[in-house]
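Have a look at the structure below before the remarks.
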Amino acid sequence: NIASEKRACTLSDRATYLAQKKNVKLDILYQGDKTLLNIYHVMQVNPEKFDKVNAAGGKAFVEFMVSPQTQKIIGDFGVDKFGEPLFIPDAGKKEADLGK
C-alpha cells in the first residue's frame, strides 16, 4: 500500500498483487520473466541425519504435495476469486518448464 500511496514502484509476487489489487492503484510494469519465479519446494528431512523426525509422516506429506490431485488443487487455487491461479504447480517438471 505504501508504493501506491507514494506513487512508487514495488516488487511483488503475483498472489500478493492479485489479493491486494482492489486496495491499491498500481500497474504491472514487468512480468512473466523466469527471473521472477517464486518457486516453493517440499523436501523430506533425512532421518539418518536427524533421528527424531517423523520420517513416515514426512514422506507421506511429500507424496501428498506432489500428487496429481494436490497439484491440481494448487493450480486451481484463486481462479474462482481472481480469474487466474495464484500458484503454478511445478512438481515433476524439468527446470526449463518451471512456471509454465
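My numbering applies: residue 1106 is where the sequence shown begins, and numbers increase by one.
Even glycine gets a Cβ: it sits at the ideal position worked out from N, Cα and C.
Kindly indicate the opening and closing residues of the alpha helix (DSSP H) around residue i.
| i | result |
| --- | --- |
| S1109 | 1107 to 1111 |
| T1175 | 1173 to 1181 |
| D1132 | Counting along the chain, D1132 falls outside any alpha helix (DSSP H), and DSSP gives it neither H nor E. |
| V1184 | 1184 to 1187 |
| K1123 | For clarity, residue 1123 is Leu in the given sequence; the question names Lys instead. Note, L1123: alpha helix (DSSP H), 1119 to 1125. |
CB-CB under 7 angstroms to residue i, same chain, minus the five flanking residues each way: which ones, in chain order?
| i | result |
| --- | --- |
| G1163 | Q1149, V1150 |
| P1152 | V1158, A1160 |
| I1144 | D1195, L1203 |
Exposed or buried, what is residue i when buried is set at 16 or more other beta-carbons lying within 10 Å of its beta-carbon?
| i | result |
| --- | --- |
| P1173 | exposed |
| L1191 | buried |
| K1112 | Sequence inspection shows Arg at residue 1112; the Lys mentioned does not correspond to that position. Looking at its Cβ environment, which holds fewer than 16 other Cβ atoms inside 10 Å, R1112 is exposed. |
| D1195 | buried |
Apart from the five residues just before and just after residue i, which ones in its own chain have a Cβ nearer than 8 angstroms to its Cβ?
| i | result |
| --- | --- |
| I1133 | Y1122 |
| K1139 | L1203, G1204 |
Could you check what DSSP says for residue i in three-state terms: helix, strand or coil?
| i | result |
| --- | --- |
| K1139 | helix |
| Q1149 | coil |
| D1195 | coil |
Thinking residue i and residue j are a contact (beta carbons under 8 angstroms), I'd like their distance in whole angstroms, please.
| i | j | result |
| --- | --- | --- |
| K1130 | S1117 | About 14 angstroms separates the two Cβ atoms, so there is no contact after all. |
Among residues of its own chain, excluding the 5 on either side of residue i, which ones have a beta-carbon nearer than 6 angstroms to its beta-carbon?
| i | result |
| --- | --- |
| M1170 | V1147 |
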